[in-house]
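Visitor: Let me begin by handing over the structure; questions about it come next.
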Amino acid sequence: MPKFVLLLRDAGRYDPGMSPAQMQAITGRYIAWRNKVQQNGRSITGHKLHDKQGRVVSGAGSATKITDGPYAEAREVMGGLFVIEANGYDEVVELTKDCPHLDFGSIEIREVQPT
Amino acid sequence: MKTTDPIALVDHLFRKQAGQMIATLTRTLGSRHLTLAEDAVQDALMTAMQQWPFRGVPENPEAWLFQVARNRALDRLRHGKIAADKEPAIARESPTVESPGAAPLLRHELPPLEDDQLGLLFLACHPSLGPDARVALALKLVGGFSVNEIARAFLAHESTIAQRLVRAKRALGDEQISFGMPEPAHLPARLDSVLDTLYLMFNEGYAATSGDQMIRDDVAAEAIRLARMIALHPAIASPRAWALLALMLLHAARFPARVDSEGTLFLLREQDRRQWDSALIAEGMRALDRASAGDRISAFHLEAGIAACHAVAASWESTDWARIVELYDDLLALTGSPVVAMNRAVAISRIDGALAGLAALDAIENRPARDRYPLLPAIQAELWREAGDVDRAIECYRAALGLARSAPEQRWLTSRLSLLV
């Protein structure tokens with residue numbers, strides 16, 4: 021079955037004074053969404069990316085430049101990714117439409133090119 | 003970690019764990035590191051919020067959270083950046099969390115949980131703090147409520163609550179009050195301070211004066227949870243604790259009938275008693291039974307006794323008003339409170355008629371205090387209406403409307419008034 025990568029960009033910053041109940045509510049929405057994807061018979065895995073400490077490597081040979089990822093300045097930071105198996109873009113888009121992440125940023129969907 | 007089984011989060015897991023983790027960390031690190039413990043716990047919950055969406059809920063969420071909180075606390079101690087840390091989002095410091103696979107081991111490390119929570123509760127309710135500070139601190143530390151949530155429950159500004167908390171914590175530090183259960187010699191006084199705080203906490207949640215009912219229900223539920231924990235604890239249980247638990251449960255049993263989905267208020271006499279929670283009434287009556295073991299009758303005993311009379315009455319009319327008047331007599335003698343006197347007057351009116359009730363209201367001596375209670379003209383209005391004096395009833399309803407504190411109260415009074423004019 022085709023694999024799709026969902027790239028999640030965070031636009032909003034979380035409020036550090038958030039209450040435990042608010043944090044649980046947000047977490048719970050994501051968990052409910054994951055469960056829904058799984059109940060549709062689709063596997064889902066994911067990784068949270070570190071919001072700091074990125075590196076950008078550019079330039080070949082002697083021109084190679086390594087910089088700390090200026091992610092904090094970017095308008096939308098890549099916050100994490102999901103991998104979902106599904107039948108096609110239509111299905112993944114449908115599954116993504118009610119992903120709670122849309123309240124916090126955007127989601128880019130890319131199909132993993134089959135060999 | 004399970005990735006195939008859907009796992010839902012237990013209700014209020016984060017809130018409960020916040021209190022538990024702050025308690026355990028404070029016991030381990032000492033009360034002078036209270037703020038560090040709070041920060042580490044906030045950090046752990048933030049980390050969970052950021053990671054669990056991607057990785058799923060760990061098999062043992064409590065142990066996962068505790069392990070992260072403990073490591074964060076140790077990091078902070080080690081780096082000695084306790085006060086200097088100005089990072090807004092502390093959760094971003096470290097991306098990788100210790101393998102959740104190792105977490106279950108922690109189960110054995112976890113201490114007697116309730117003792118930790120009670121130890122923190124005794125700290126938060128120390129007699130050197132003012133009553134309002136105790137309630138706020140207990141909600142923040144033990145209950146896992148945020149400053150904003152406490153402010154909503156208190157109808158206060160967030161900055162007022164934040165300041166109150168900072169001052170309270172500073173006072174605890176200045177007095178070098180230590181975490182934990184008090185020495186046996188100090189237990190009775192310290193326990194009274196805790197019980198009085200829980201009583202205020204419950205009333206804060208119970209008072210249907212304004213908007214944010216959901217957070218108020220949560221505050222009342224937290225007061226009940228803590229009172230239950232104390233009543234059931236073999237080392238500190240006391241008849242007064244059981245009496246407090248009884249009165250909370252018997253009042254809470256009526257919550258479902260107090261307000262309908264439109265926010266319309268229903269007074270006790272108008273309530274649909276079938277909506278009362280019979281399980282809470284049963285538990286409340288059992289608690290009242292245990293409360294009668296002692297020889298000291300506290301105000302909690304009397305209030306619980308009054309609530310019990312209402313709870314077992316099939317209707318407003320068939321309520322044992324004579325018994326209620328007796329209990330109010332005792333309560334008034336004990337407290338001298340104008341609110342008690344008002345309620346007593348209502349009970350008297352049930353036996354001797356509306357005019358007798360009005361006379362009892364007039365006899366309340368503490369006039370200045372009495373005149374601050376918006377309930378007073380509302381009660382007078384009801385009694386004048388019953389006595390058939392429509393003009394005076396209208397006058398009193400209008401006076402009550404001028405003092406009404408919330409939209410539901412205003413609506414209720416307006417609807418009563420509209421029946422007469």
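In order, the protein sequences belong to chains A and B. Numbers 21 to 135, taken from my numbering, label the letters of the first sequence in order. Numbers 3 to 423, taken from my numbering, label the letters of the second sequence in order. The C-beta atom is built at its ideal place from N, Cα and C for all residues, glycine as well.
1) With DSSP as the reference, label A/L28 as helix, strand or coil.
2) Alpha carbon to alpha carbon, what distance is there between B/L122 and B/T26?
3) Quick one: what's got a C-beta closer than 6 Å to B/M231's C-beta in the same chain, skipping five residues either side?
4) Can you tell me whether B/F302 is helix, strand or coil according to DSSP?
5) Going by the CB atoms, is the gap between A/V97 and A/D35 shorter than 7 Å?
6) Beta-carbon within less than 6 Å of B/I92's beta-carbon, same chain only, minus the 5 sequence neighbours each way: which residues are those?
7) B/R407 to B/L377, Cα distance in whole Å?
8) Mind checking who A/T65 pairs with in its DSSP beta bridge?
9) Under 7 Å between C-beta atoms, does B/R78 make it to chain A?
10) With burial defined as no fewer than 16 other Cβ atoms inside 10 Å of the residue's Cβ, what is the status of A/G37: buried or exposed?
11) Alpha carbons only, please: which of A/A52, A/R49, A/Q73 is nearest the one belonging to A/T87?
12) If you count every other CB in all the chains shown that lies within 10 Å of the CB of B/A85, and 16 or more means buried, which is it?
13) Can a CB atom of chain B be found closer than 7 Å to the CB of A/M43?
14) At a CB-CB cut-off below 9 Å, which residues of chain A make contact with B/S148?
15) Say the cut is 6 Å; is the CB of A/G99 nearer than that to a heavy atom of the ligand FMN?
16) So, helix, strand or coil for B/K171, using DSSP?
17) If you reduce the DSSP assignment to three classes, tell me which class A/L122 lands in.
18) Can you tell me whether B/T199 is buried or exposed, with buried defined as 16 or more other CB within 10 angstroms of its CB?
19) Whole angstroms are fine: how far does the CA of B/C127 sit from the CA of B/Q178?
20) What is the C-beta distance between B/F268 and B/A259, in whole angstroms, given that I count them as a contact (C-beta under 8 Å)?
21) DSSP three-state call for B/I238: helix, strand or coil?
22) Once the 5 residues before and after B/R218 are set aside, which same chain residues still bring their CB inside 6 Å of it?
23) Closer than 8 Å by beta-carbon distance: list the chain B residues that pair up with A/K68, in chain order.
24) Is B/I326 helix, strand or coil when you go by DSSP?
25) Please identify the residue among A/V112, A/E131, A/D123 whose C-alpha is closest to the C-alpha of A/K56.
26) In whole angstroms, what is the alpha-carbon distance linking B/L419 and B/R400?
27) Going by DSSP in three states, A/D88 sits in which element: helix, strand or coil?
28) Below 8 Å, can you find three or more Cβ-Cβ pairs linking the stretch 279-298 of chain B to the stretch 329-345 of chain B?
29) Within the continuous beta strand (DSSP E) that includes A/R75, where are the two ends?
30) Is any beta-carbon of chain A found at less than 7 Å from that of B/P102?
31) Below 8 Å on the Cβ atoms is my guess for B/A343 versus B/A389; work out the distance and round it to an integer in Å.
32) Going along chain B in order, which residues have a C-beta closer than 8 Å to the C-beta of A/R75?
33) With distances taken Cα to Cα, identify the nearest neighbour of B/Q273 among B/K171, B/A245, B/L246, B/E319.
34) Run the CB neighbour count on B/Q53, radius 10 Å, all protein chains shown included, and call it buried at 16 or more, exposed below.
35) Could you check whether the stretch 176-195 of chain B touches the stretch 148-162 of chain B, counting it as contact only if at least three pairs of C-beta atoms, one from each stretch, sit closer than 8 Å?
36) Can you give me, in chain order, the residues of the stretch 13-28 of chain B that have a beta carbon less than 8 Å from any beta carbon in chain A?
Guide: By the coordinates alone:
1) Along the first sequence, one-based indexing puts residue 28 of chain A at 8. DSSP places A/L28 in strand when its eight states are reduced to three.
2) Counted from its first residue, the second sequence places residue 26 of chain B at position 24. Counted from its first residue, the second sequence places residue 122 of chain B at position 120. Rounded to the nearest whole angstrom, the C-alpha separation of B/T26 and B/L122 is 9 Å.
3) Translated into positions along the second sequence, residue 231 of chain B becomes position 229. For B/M231, where only same-chain residues beyond five positions count, the Cβ hits under 6 Å are E116.
4) Translated into the one-based positions of the second sequence, residue 302 of chain B becomes position 300. In the three-state DSSP reduction, B/F302 falls in the helix class (H, G or I).
5) Counting from 1 along the first sequence, the entry for residue 35 of chain A is found at position 15. Counting from 1 along the first sequence, the entry for residue 97 of chain A is found at position 77. Using a Cβ distance threshold of 7 Å, A/D35 and A/V97 do not count as a contacting pair.
6) On the second sequence, residue 92 of chain B is found 90 positions in, with the first residue counted as 1. Unreliable positioning characterises B/I92 in this predicted model, as indicated by a pLDDT of 34, which lies under 50. The coordinate reading is nonetheless provided below. Taken in chain order, the residues that qualify are D45.
7) Residue mapping note: residue 407 of chain B aligns to position 405 of the second sequence, counting from 1. Residue mapping note: residue 377 of chain B aligns to position 375 of the second sequence, counting from 1. Distance between the alpha carbons of B/R407 and B/L377: 10 Å.
8) Counted from its first residue, the first sequence places residue 65 of chain A at position 45. Among the bridge pairs identified by DSSP, A/T65 is matched with A/V103.
9) Translated into positions along the second sequence, residue 78 of chain B becomes position 76. It does not; no Cβ of chain A falls within 7 Å.
10) If you number the first sequence from 1, residue 37 of chain A lands on position 17. Flag for A/G37 reads exposed.
11) As a working mapping, residue 87 of chain A is identified with position 67 in the first sequence. The candidate whose alpha carbon is nearest that of A/T87 is A/Q73.
12) As a first step, residue 85 of chain B must be located in the second sequence, where it is residue number 83. Here B/A85 scores only 45 on pLDDT, less than 50, and its place in the model should not be relied on; the value that follows carries that caveat. By the neighbour-count rule (16 or more Cβ atoms within 10 Å), B/A85 is not buried but exposed.
13) For the purposes of this step, residue 43 of chain A is taken as residue 23 along the first sequence, with counting starting at 1. Yes, its Cβ sits closer than 7 Å to a Cβ of chain B.
14) By one-based count along the second sequence, residue 148 of chain B stands at place 146. Neighbours of B/S148 in chain A, taken as residues at a C-beta separation under 9 Å, are given in chain order as G37, M38, S39, P40, A41, Q42.
15) Looking at this structure, you won't find the ligand FMN or any other ligand, since it has none at all.
16) In the second sequence, the residue the question calls residue 171 of chain B occupies position 169. In the structure shown, the three-state DSSP call for B/K171 is helix.
17) For this step, residue 122 of chain A is matched to residue 102 along the first sequence. Here A/L122 sits in helix by DSSP.
18) Position 197 of the second sequence, counted from the first residue, corresponds to residue 199 of chain B. Taking all protein chains in view, the Cβ of B/T199 is crowded by 16 or more other Cβ atoms within 10 Å, so the residue is classified as buried.
19) Taking the second sequence and counting its residues from 1, one reaches residue 178 of chain B at position 176. Taking the second sequence and counting its residues from 1, one reaches residue 127 of chain B at position 125. A straight-line Cα-Cα distance of about 14 Å links B/Q178 and B/C127.
20) Taking the second sequence and counting its residues from 1, one reaches residue 268 of chain B at position 266. Taking the second sequence and counting its residues from 1, one reaches residue 259 of chain B at position 257. For a cut-off of 8 Å, the C-beta gap from B/F268 to B/A259 is around 6 Å, short enough to register as a contact.
21) Counting from one through the second sequence, the residue named residue 238 of chain B turns up at place 236. Shown here, B/I238 sits in coil according to DSSP, grouped into three states, outside any helix or strand.
22) By 1-based counting over the second sequence, the position of residue 218 of chain B is 216. Cβ within range, chain order: A155, G207.
23) For the purposes of this step, residue 68 of chain A is taken as residue 48 along the first sequence, with counting starting at 1. Here the neighbours are Q52, Q53, P55, F56, R57, P97.
24) Looking up residue 326 of chain B in the second sequence gives position 324. Residue state, collapsed to three classes: helix.
25) As a first step, residue 56 of chain A is located in the first sequence; it is residue number 36 there, counting from the start. Nearest C-alpha to A/K56: A/V112.
26) Your numbering for residue 419 of chain B matches position 417 in the second sequence. Your numbering for residue 400 of chain B matches position 398 in the second sequence. Rounded to the nearest angstrom, the two C-alpha atoms are 8 Å apart.
27) Stepping through the first sequence from its first residue, residue 88 of chain A is reached at position 68. In the structure shown, A/D88 sits in a strand (DSSP, three-state: E or B).
28) Taking a cut-off of 8 Å for Cβ pairs, the stretch 279-298 of chain B and the stretch 329-345 of chain B do not touch, as fewer than three such pairs fall below it.
29) Stepping through the first sequence from its first residue, residue 75 of chain A is reached at position 55. From DSSP, the beta strand (DSSP E) with A/R75 extends over 75-78.
30) For the purposes of this step, residue 102 of chain B is identified with residue 100 of the second sequence, where counting begins at 1. In this predicted model, B/P102 has a pLDDT of only 40, less than 50, meaning its place in the structure is not dependable; the value taken from the coordinates is given anyway. Closer than 7 Å: no.
31) Indexing the second sequence from 1 puts residue 343 of chain B at position 341. Indexing the second sequence from 1 puts residue 389 of chain B at position 387. With a contact defined as Cβ atoms closer than 8 Å, B/A343 and B/A389 miss out at about 19 Å.
32) For this step, residue 75 of chain A is matched to residue 55 along the first sequence. Under the 8 Å cutoff, chain B gives no residues; its nearest Cβ is about 13 Å from A/R75.
33) As a first step, residue 273 of chain B is located in the second sequence; it is residue number 271 there, counting from the start. With distances taken between CA atoms, B/Q273 lies nearest to B/E319 out of B/K171, B/A245, B/L246, B/E319.
34) Stepping through the second sequence from its first residue, residue 53 of chain B is reached at position 51. Around the beta carbon of B/Q53, 16 or more other beta carbons sit within 10 angstroms, so the residue counts as buried.
35) These segments do not touch.
36) Within the stretch 13-28 of chain B, the residues whose Cβ lies closer than 8 Å to some Cβ of chain A are H14, L15, F16, R17, Q19, A20, listed in chain order.
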